[in-house]
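J.:
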Amino acid sequence: MLSFLLSIADEGRQAQIEYLYYTYHDDMMRFAKYRLRLCGDFNYDMDAQDVVQNAFVKITKYTHAVDFTLSYNELRAYVLTIVTNEANNLLKENKTYEELDDCLTEEAFFEALRIKDRYYEVIEAIESLDDRYSIALLYRYRENMSIKELAALLGIAEKSVYTRIERGRKLLLKSLEKEK
Amino acid sequence: MYTADKELFQEALLEALVKKYDRELAVCTESAVCTDAHYQAMSRIIGVNVTGHTGRKRISRRAVVAIILAAALLLSGCAIYVYRNKIWDFVERFYEKHIAVSVEGNDLQRTSGAITEVYALTYVPEGYVMTEEQIIPISVLYKFENDGGRLIMFKQKRLDTSQFYLDVQNQAAIVFDDEHKIYYRKVNNTHHYIWCDEKYAMTIKSDVELSEDVLLLMLQGITVKQ
Numbered sequence: 001m002l003s004f005l006l007s008i009a010d011e012g013r014q015a016q017i018e019y020l021y022y023t024y025h026d027d028m029m030r031f032a033k034y035r036l037r038l039c040g041d042f043n044y045d046m047d048a049q050d051v052v053q054n055a056f057v058k059i060t061k062y063t064h065a066v067d068f069t070l071s072y073n074e075l076r077a078y079v080l081t082i083v084t085n086e087a088n089n090l091l092k093e094n095k096t097y098e099e100l101d102d103c104l105t106e107e108a109f110f111e112a113l114r115i116k117d118r119y120y121e122v123i124e125a126i127e128s129l130d131d132r133y134s135i136a137l138l139y140r141y142r143e144n145m146s147i148k149e150l151a152a153l154l155g156i157a158e159k160s161v162y163t164r165i166e167r168g169r170k171l172l173l174k175s176l177e178k179e180k
Numbered sequence: 181m182y183t184a185d186k187e188l189f190q191e192a193l194l195e196a197l198v199k200k201y202d203r204e205l206a207v208c209t210e211s212a213v214c215t216d217a218h219y220q221a222m223s224r225i226i227g228v229n230v231t232g233h234t235g236r237k238r239i240s241r242r243a244v245v246a247i248i249l250a251a252a253l254l255l256s257g258c259a260i261y262v263y264r265n266k267i268w269d270f271v272e273r274f275y276e277k278h279i280a281v282s283v284e285g286n287d288l289q290r291t292s293g294a295i296t297e298v299y300a301l302t303y304v305p306e307g308y309v310m311t312e313e314q315i316i317p318i319s320v321l322y323k324f325e326n327d328g329g330r331l332i333m334f335k336q337k338r339l340d341t342s343q344f345y346l347d348v349q350n351q352a353a354i355v356f357d358d359e360h361k362i363y364y365r366k367v368n369n370t371h372h373y374i375w376c377d378e379k380y381a382m383t384i385k386s387d388v389e390l391s392e393d394v395l396l397l398m399l400q401g402i403t404v405k406q
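These protein sequence lines are chains A and B, in that order. If you're matching positions, the first sequence starts at 1 in the working numbering and goes up one per residue. If you're matching positions, the second sequence starts at 181 in the working numbering and goes up one per residue.
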């Protein structure tokens with residue numbers, strides 16, 4: 001507990017954490033209960049409390065990575081990615097993956113994505129991705145988190161982070177090709 | 181090489197997740213009711229005593245703002261000056277260490293889809309030149325830089341359920357001409373100026389603090405890009 005208090009000793013960060021709590025706690029709780037119930041967790045009421053507590057432990061640690069200039073809905077999406085990840089961890093949804101061969105280079109990925117030509121199709125495809133992949137892509141590409149940081153945030157091995165990002169990119173492209 | 185594509189992808193990632201979670205929250209029927217033990221645990225985690233989900237101190241104050249800019253008829257080659265004649269309510273909720281500012285109004289046009297009117301910033305302080313322009317479906321961004329390497333950035337975004345965060349120590353509301361009001365905050369040595377019209381939220385970020393005279397000129401210099 002002491003380390004938690006020390007980690008939020010800075011007053012500015014304290015204000016930010018309080019803001020996140022007062023603004024988003026209820027939505028985080030409702031969302032956690034909803035997701036856990038849908039996954040068949042009969043104890044979802046109590047488990048959701050653990051999920052939200054774990055989410056805030058992560059948030060206090062990674063406040064510096066939160067962009068407080070985002071709008072209400074955008075910031076809420078960020079905190080809900082943390083809730084989603086903690087819910088998945090609780091349900092032990094983090095399976096191990098096979099190794100992937102022939103990984104795409106960044107250039108090849110963006111060339112195949114052709115996002116300028118089909119921006120809204122890309123959004124739809126991301127929406128349909130499994131949360132594990134979309135969350136990994138969000139923090140990697142938007143927050144430029146290192147693999148190590150991402151592994152710590154998600155509570156998985158660094159190798160699994162690589163796999164999620166690569167698999168996420170491939171599934172995204174596959175989904176876009178199906179739309180054609 | 182693919183910087184523009186990467187920036188578009190960054191926006192798409194966030195927008196997709198916002199849509200996904202908004203949709204789920206809209207259909208979820210669960211309540212946010214928790215046990216006392218949960219709030220005790222939350223108090224330990226975030227370092228303040230929270231007894232429930234409503235906050236410790238909340239004062240609402242309505243600040244009525246009217247921003248009226250001059251309107252000009254569109255003639256060939258002439259600029260349309262952006263104007264508003266709506267009165268918007270900025271609702272400020274005061275907590276001990278921060279203020280949550282919401283843009284609320286009955287006639288607000290909460291836009292979805294692409295930005296339909298791209299704004300241009302026709303006035304910037306002397307010495308600044310445009311170094312970057314980025315216009316994507318959901319936002320417009322211009323960057324300006326002077327010889328000393330100082331930056332000014334203007335961003336236009338769609339107006340969704342806009343609410344933004346101000347901490348008590350670093351915030352102020354700037355009121356000038358008894359009518360114009362924009363919010364100021366300082367984040368990591370960068371000065372932010374935030375305001376909205378009926379459709380869009382605007383932000384100016386600057387390495388140096390801008391005077392009220394300069395701010396007013398910049399505000400009045402916003403036009404619809406032809």
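Cβ coordinates follow ideal geometry from the N, Cα and C atoms, glycine included.
Which one or two residues does DSSP pair with Glu325/B in a beta bridge?
T.: In DSSP, Glu325/B forms a bridge with Val309/B, Leu331/B.
J.: Name, going along the chain, the residues of the segment 74 to 88 of chain A whose beta-carbon falls closer than 9 Å to a beta-carbon of chain B.
T.: If the cut-off is 9 Å between Cβ atoms, the segment 74 to 88 of chain A has Glu74, Leu75, Arg76, Ala77, Tyr78, Leu80, Thr81, Thr84 near chain B.
J.: What does the Cβ neighbour count give for Ala183/B, buried or exposed, with the cut at 16 atoms within 10 Å?
T.: Strictly speaking, residue 183/B in this sequence is Thr, with Ala absent from that position. It is exposed - the Cβ of Thr183/B has fewer than 16 other Cβ atoms within 10 Å.
J.: Decide if Glu166/A is buried, meaning its Cβ has at least 16 other Cβ atoms within 10 Å, or exposed.
T.: Buried, by the Cβ-count rule.
J.: Strictly by DSSP, which residues pair up with Ser319/B?
T.: Per DSSP, Ile316/B, Lys337/B.
J.: Since Met222/B and Gln53/A should fall inside the 8 Å C-beta cutoff, what is the C-beta to C-beta distance between them, to a whole number of angstroms?
T.: Indeed, because the Cβ distance is near 7 Å, the residues count as touching under 8 Å.
J.: Counting only C-beta atoms, is Ile295/B closer than 8 Å to chain A at any point?
T.: No - not a single Cβ of chain A is within 8 Å of the one on Ile295/B.
J.: State the beta-bridge partners of Ala300/B as determined by DSSP.
T.: DSSP lists Thr403/B as partners of Ala300/B.
J.: With a cut-off of 8 Å on the beta carbons, I'd call Tyr201/B and Arg76/A a contact; round off their distance for me.
T.: Right, their Cβ atoms sit about 7 Å apart.
J.: Just by C-beta distance, which residues in the segment 120 to 152 of chain A are closer than 7 Å to chain B?
T.: Answer in chain order: Val122, Ile123, Ile126, Glu127, Ser134, Leu137, Leu138, Tyr141, Arg142.
J.: Going by DSSP, which residues form a beta bridge with Met382/B?
T.: BP columns for Met382/B point to Gln336/B, Trp375/B.
J.: Shorter than 8 Å from the beta carbon of Thr182/A to some beta carbon of chain B?
T.: A query on residue 182/A cannot be resolved here, the shown segment of chain A reaching from 1 to 180 and no further.
J.: For chain A, check one thing: does any of its Cβ atoms lie closer than 8 Å to the Cβ of Val382/B?
T.: Note that residue 382/B is Met in the sequence shown here, rather than Val. Not an interface residue.
J.: Here's the rule: buried if 16 or more other CB atoms are within 10 angstroms of the residue's CB, otherwise exposed. What is Lys148/A?
T.: Exposed.
J.: If you reduce the DSSP assignment to three classes, tell me which class Ala108/A lands in.
T.: Helix, per DSSP.
J.: Whole-angstrom Cβ separation of Ala196/B and Ser134/A, contact assumed at under 8 Å?
T.: With a Cβ gap of about 7 Å, Ala196/B and Ser134/A count as contacting.
J.: Do Asp27/A and Thr84/A count as a contact pair if the criterion is CB distance below 8 Å?
T.: No, they are not a contact pair.
J.: Are any of the Cβ atoms in chain A nearer than 8 Å to that of Thr302/B?
T.: Not one chain A Cβ lies under 8 Å of Thr302/B.
J.: Find out if the Cβ-Cβ distance for the pair Gln190/B, Tyr141/A is shorter than 8 Å.
T.: Taking 8 Å as the Cβ cut-off, Gln190/B and Tyr141/A qualify as a contacting pair.
J.: One question on the structure: do Ala65/A and Met145/A come within less than 8 Å of each other, judged by their Cβ atoms?
T.: Yes; because the gap between Cβ atoms is below 8 Å, this pair is in contact.
J.: Would you say Ile165/A lies against chain B (beta-carbon separation less than 8 Å)?
T.: So, not an interface residue.
J.: Report the rounded CA-to-CA distance for Thr215/B versus Arg35/A, giving the unit in angstroms.
T.: If I take the Cα positions, the gap works out to 19 Å.
J.: Please report the distance separating the alpha-carbon of Leu396/B from that of Lys58/A.
T.: In a straight line, the C-alpha of Leu396/B is about 41 Å away from that of Lys58/A.
J.: Exposed or buried, Asp67/A, counting other C-beta atoms within 10 Å across all chains shown (16 or more means buried)?
T.: Its Cβ having fewer than 16 others within 10 Å, Asp67/A is exposed.
J.: Between which two residues does the alpha helix (DSSP H) holding Lys148/A run?
T.: Element bounds for Lys148/A: 147 to 154.
J.: In three-state terms, what does DSSP make of Phe56/A?
T.: Phe56/A falls in the helix class under three-state DSSP.
J.: Starting from the beta carbon of Thr60/A, find every residue of chain B whose beta carbon is closer than 9 Å, and list them in chain order.
T.: Neighbours of Thr60/A on chain B, chain order: Ile225, Ile226, Gly227.
J.: Establish whether the CB of His233/B and some CB of chain A are separated by less than 8 Å.
T.: Low confidence applies here, because His233/B scores a pLDDT of 46, under 50, leaving its location unreliable and the question unanswered by this model.
J.: State yes or no: is the C-beta of Met398/B within less than 8 Å of the C-beta of Leu301/B?
T.: It is a contact, given that the beta carbons lie within the stated cut-off.
J.: Chain B beta carbons: is any one of them nearer than 8 Å to that of Lys178/A?
T.: Not closer than 8 Å to any Cβ of chain B, the Cβ of Lys178/A fails to qualify, so no.
J.: Going by Cα to Cα distance, which pick from Lys174/A, Ala157/A, Asp41/A is closest to Leu91/A?
T.: Comparing Cα-Cα distances from Leu91/A to each of Lys174/A, Ala157/A, Asp41/A, the minimum goes to Asp41/A.
J.: Ile225/B: beta carbon under 7 Å from a heavy atom of the ligand PLP?
T.: By its list of ligands, the structure shown contains no ligand whatsoever, and the ligand PLP lies outside what it can speak to.
J.: Please identify the residue among Gln49/A, Leu38/A, Arg37/A whose C-alpha is closest to the C-alpha of Ala217/B.
T.: Closest by alpha carbon: Gln49/A.
J.: For His218/B, report the span of its alpha helix (DSSP H) as first-last.
T.: Taken as a continuous stretch (DSSP letters only), the alpha helix (DSSP H) holding His218/B covers 216 to 226.
J.: Excluding five sequence neighbours on each side, which residues of the same chain lie with their C-beta closer than 6 Å to the C-beta of Met125/A?
T.: In the sequence as displayed, the identity of residue 125/A is Ala instead of Met. These residues qualify, in order along the chain: Leu172, Ser175, Leu176.
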